[in-house]
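*Asks:* Residue numbers (full-length UniProt numbering): 1 to 1133.
Beta carbons are placed, not taken as given, at the ideal position from N, Cα and C, and that holds for glycine.
Here the structure is a predicted model, which means the values were calculated and not measured.
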């Protein structure tokens, strides 16, 4: 996890996709163009030198001026582009943070505040992008002036040579036509300079990550032999986290005996988890010595450590996919490599062990009722409760079969009765394994062979439970006594707290169900890579529909669009007429009307050529500046709208959604829309206008020549891009979806890095990433193939058009309908005027992806929230909360949709049978079966649930994991709406209450406290934006976290690591409670608020809650008996 010390996760995600894509463009476009730009002018120089050497020399001399201009600009641009990439990655980091913390923002109504901050960041990014653009436009303008100026000089010299009889008309015509092409390769290279700079900046950042120093493991021992009676030993170990002055561990000396159970206890933040992180090798900057089985920890390889030791923490990561995938990774690497799961025998062998592990952690029945081992795990395991996640993680760990197990608050979110059974399994495990248990529930470790008591990073006591409790007023005895005092006050007269809350099977032997489930397992962990297998997506909207929707956003900036079109038309006409002017020179020489002996006309021609060359550079600058101002202004607005849309959809519509898709949308998808706004709308209109002007110009000579030009313009500018866009539309959407999927996989890899290393699953995750990347490469090859076909067709049409024009001119000249000079001008005019239409034709290559991005963005912006906010509602009343006959199931639209699709496919395959059934009167039966299937798909979490929660009371809710406790709290927050029944606050239905005022009155603490990569003070002020320092400190005292914060070097201004990883689980929970106290809400909804707290801090927090209960409604969900000590009413679900 050391990468977080160097760069945020979002930067790695962006560099893994966008950064690598920039390198792909760099090597795929810039490098080939670089060599082509070197070779092409030299080749043309050789050819032209045989015709007229002075012209060739002049053209060649001008060529180096373009790269010189590029180099000069690059010197100024490098720092600017580094800053650009920094802001770009920071924007992604900010968005990912805001996205992950959006539910927390919604709880405290602070999402609007963060939206404004996002707007500021987006605006800053727009400004830096415009600065980069101006730098690029400066270089492009210089290149245009040099290129067109050089072409003009070359044309002028060739016309003078024709006048003096040094070359003939055909040679002069060739030089004039080649002059405009002479600089094209170098101009293209210049236009790619920003690609080079982006590639260099991306490469710098990628190498920065690749250069992160690895943890060195001295001798790199691969096998840890079991020997001696000591499993782990610490000798005078001290440790301080990076950039932290406070010593976390101080002179630790401890011995973990083999095949014994050792408990480590102490207050939150005393260093318990840090001890285990050093054992696992997450940090190697400690002082002292650590030995595992007598071997220095620094000499042991990472793989050997992970095989020998398995650690299970309270927040284990589950990967999206199936339950099979997550459990399969728990098997030792050697087992995964030796068992062929493609065979029935291999599948059954591993499945039986999986089922046994699920039984041991008491989640077997839930799994079998949810689809068996093929049960789907949503992103972030959002379809599972906290307890269910922990149990699956425990089952996965059991399958590892390591010699040493570390359980770090591994049962914190599991109900009491299930926890007792799981602890029995852990103690049974201790008969043959070495087990280390870190727990704040001292009842879990009273039977341990050895207990280690820690305080302030030091070991203050060691011994058995009896030894330590016999030491009066010792830290352990006081901690144990405080927990006992808390628990003895539990009000359970109505029923026994220890009754079986989890009536799952312990002896479930439903073999028939298990066999049936085995046959349904979907296995995908070792799918082979195939170039022929491409994930495909079909466009739901037409390209025209997407374009019209996107164009509507331009209305406020119409003035700038019209200016861009006007300047663009003038600029392209200037470029075209430079060549035409050369043709007029030939025409006038031939007609002998201008060039007799008068130099004044030559000066006029030179002046016009220079004016047009300079005009082209400045006009293009103006056009591109206007286009990009429109584009970047709209992109900033679109980013704001995307975040606003997510705010409206959160949290109901975002649960279970892959975060990588949203990162891709706000970063890369939005950036690609720049192609549409800057390079599509005005260029299309410019191409139309210039084509009409040129058709009229050519038609002035003859209508037939105008018709040929018109047909060529239509084919190049309409037919080819439309066909290309049609063929590539689905590929474009599939590619953008693939980029989003790859973002998700990379983000999952980073979030699950601890588990990947723990279970030595690197190879499989690399294969998963490779498969997704290979899918992208296959799609990219398809798109590149279409691009090459488009380029070939465009060039072919231009050549054929030139041939047709030449033939037509020959016929017309021979028939005397036009003069040779007019015919020559017509050829030059058409051949020099394809620039705008070719740009449109080439645009279709990127437009397929651009429109796909537009579709993805529009789909999000137009998506309606599952639970719309009530804007014009009533004020929040004070009184009893009534839950009346509530029935609720989480929406499963995606799953139901996919199942319906399967049914449709089955219907199509057996259409004749269905028709036969209908004819026999079985149509109603089919409908009934379909309705039954849909009813089975909807799993109700709550069914006709009713309850009341009185004001001025603390109400406790207990029940087995997954029974709906957390769901009830979400319904009280109106994150979801029940399918039946209603929730009433006092006398007002929840649907009639203004949503903002509802949430202002409620402080909701979720099981996982989300902390931003910001200061502690700002993390707390999220619940009350105008909070004073005194209010913040008072809230922290109530949550028993103030002293800890004040002892930090920067106090409340201490900046937290990403996801709050610099804090222990208990410290994060206490900050979450401090937020709730600071908010000043009248209602507290607390979901497992003390699961990671020691009894002393728990006592302080519960005391604060008790004091807060006057005039407040407190609903407390917990599996801890001690936490329920303060409840006045206790309900079982």
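1) Determine whether the beta carbon atoms of residue 631 and residue 678 lie at a separation below 9 Å.
2) Do you know offhand how far residue 820's Cα is from residue 175's?
3) Considering only residues of the segment 134 to 196, which uninterrupted beta strand (DSSP E) runs meet the minimum length of 3 residues and lie entirely inside it, listed in chain order?
4) For residue 648, I'd like the list of residues in its chain whose CB is within less than 6 Å of its CB, leaving aside the five on either flank, ordered along the chain.
5) If you draw a straight line from the alpha carbon of residue 554 to that of residue 134, how long is it in whole angstroms?
6) According to DSSP, is residue 475 part of a helix, a strand, or is it coil?
7) What is the DSSP secondary structure of residue 453, reduced to helix, strand or coil?
8) Within 10 Å of its beta-carbon, does residue 472 have 16 or more other beta-carbons around it, so buried, or fewer, so exposed?
9) From 72, 123, 67, 108, pick the residue whose C-alpha is nearest to that of residue 1134; which is it?
10) Using a Cβ-Cβ cutoff of less than 6 Å, which residues in the same chain neighbour residue 260 once the five nearest sequence positions on both sides are dropped?
11) In its own chain, which residues sit with a C-beta less than 7 Å from the C-beta of residue 456, not counting the 5 before and 5 after it?
12) According to DSSP, residue 1003 sits in a beta bridge with which residue or residues?
13) Can you say whether residue 1138 is buried or exposed, counting buried as having 16 or more other CB atoms within 10 angstroms of its CB?
14) Checking 9 Å against the spacing of the C-beta atoms, do residue 563 and residue 683 come in under that value?
15) Helix, strand or coil: how does DSSP classify residue 770 here?
16) Go ahead and pull the three-state DSSP assignment for residue 1043.
17) Return the chain-ordered ranges of every beta strand (DSSP E) run that is complete within the segment 947 to 1021 and spans a minimum of 3 residues.
18) Select from 609, 1082, 183 the residue whose C-alpha is nearest the C-alpha of residue 880.
19) Would you please state the rounded distance, in angstroms, between the beta carbons of residue 41 and residue 60? I believe it to be under 8 Å.
20) Kindly confirm or deny that the segment 216 to 235 and the segment 287 to 305 touch, where touching means at least three C-beta pairs closer than 8 Å.
21) How is the alpha helix (DSSP H) around residue 233 delimited, first residue to last?
22) Could you tell me the alpha carbon to alpha carbon distance between residue 1022 and residue 98, rounded to whole angstroms?
23) Rounded to the nearest angstrom, how far is the Cβ of residue 1035 from that of residue 971, given a contact under 8 Å?
24) Residue 463 bridges to which residues according to DSSP?
25) Does the structure place the segment 304 to 317 close enough to the segment 394 to 408 that three or more beta carbon pairs sit under 8 Å?
26) Using the Cβ count rule (16 or more neighbours within 10 Å means buried), how would you classify residue 851?
27) Could you check the C-alpha separation between residue 961 and residue 398 for me, to the nearest Å?
28) Distance check for residue 875 and residue 663, CA to CA, integer angstroms please.
29) At the level of alpha carbons, what is the spacing between residue 461 and residue 263?
30) Restricting to Cα atoms, I'd like to know which of 681, 712, 673 is closest to residue 692.
31) Taking a contact to mean a Cβ-Cβ separation below 9 Å, would you say residue 363 touches residue 395 in this structure?
32) Can you look up residue 352 in the DSSP assignment and give me helix, strand or coil?
33) Quick one: what does DSSP say residue 1124 is sitting in, helix, strand or coil?
34) For the 8 Å Cβ check, are there 3 or more pairs between the segment 92 to 108 and the segment 145 to 158?
35) May I ask which residues mark the beginning and end of the alpha helix (DSSP H) holding residue 821?
36) How big is the Cα-Cα spacing for residue 723 and residue 843?
*Replies:* In short, the structure shows the following:
1) Against a cut-off of 9 Å, the Cβ pair of residue 678 and residue 631 comes out as a contact.
2) Residue 820 and residue 175 have their C-alpha atoms roughly 18 Å apart.
3) With a minimum length of 3 residues, no continuous beta strand (DSSP E) run stays inside the segment 134 to 196.
4) Here the set comprises 865.
5) Across the structure, residue 554 and residue 134 are spaced so that their CA atoms are roughly 22 Å apart.
6) In the structure shown, residue 475 falls within a helical segment according to DSSP collapsed to helix, strand and coil.
7) Look at residue 453 here: in three-state DSSP terms it is strand.
8) Residue 472 should be labelled exposed.
9) Lying outside 1 to 1133, the shown extent of the chain, residue 1134 is not represented and no answer is given.
10) Take residue 260, set aside five residues on each side of it, and the residues of its chain with a beta-carbon closer than 6 Å to its own are 449, in chain order.
11) Closer than 7 Å at the Cβ level, and outside the excluded window around residue 456, lie 270.
12) 1084.
13) Residue 1138 cannot be examined here, being either before or after the span of the chain that is shown, 1 to 1133.
14) Not in contact: residue 563 and residue 683 (Cβ atoms no closer than 9 Å).
15) Three-state DSSP puts residue 770 in a helix.
16) Shown here, residue 1043 sits in a helix according to DSSP, grouped into three states.
17) Runs of the beta strand (DSSP E) spanning 3 or more residues and lying entirely within the segment 947 to 1021 occur at 954 to 958, 980 to 985, 1002 to 1005, in chain order.
18) Ranking 609, 1082, 183 by Cα distance to residue 880 puts 1082 first.
19) In this structure residue 41 touches residue 60 by the C-beta definition: roughly 7 Å separates them, less than 8 Å.
20) The segment 216 to 235 vs the segment 287 to 305: in contact.
21) No alpha helix (DSSP H) contains residue 233, which is instead part of the beta strand (DSSP E) from 230 to 239.
22) Residue 1022 and residue 98 have their alpha carbons spaced roughly 12 Å apart.
23) Not confirmed; about 27 Å, so no contact.
24) 451.
25) Yes, they touch.
26) Here residue 851 is buried. Its C-beta has 16 or more other C-beta atoms within 10 Å.
27) Using only the alpha carbons, I get a separation of about 20 Å.
28) Those two C-alpha atoms are separated by around 36 Å.
29) Using only the alpha carbons, I get a separation of about 12 Å.
30) Closest by C-alpha distance to residue 692, out of 681, 712, 673, is 712.
31) Judged by beta-carbon spacing, residue 395 lies within the 9 Å limit of residue 363, meaning their Cβ atoms are closer than that value.
32) In this structure, residue 352 counts as helix in the three-state DSSP scheme.
33) Here residue 1124 carries a helix assignment [DSSP, helix/strand/coil].
34) The segment 92 to 108 is not in contact with the segment 145 to 158.
35) First-last of the alpha helix (DSSP H) with residue 821: 820 to 831.
36) Spanning the two alpha carbons is a distance of roughly 12 Å.
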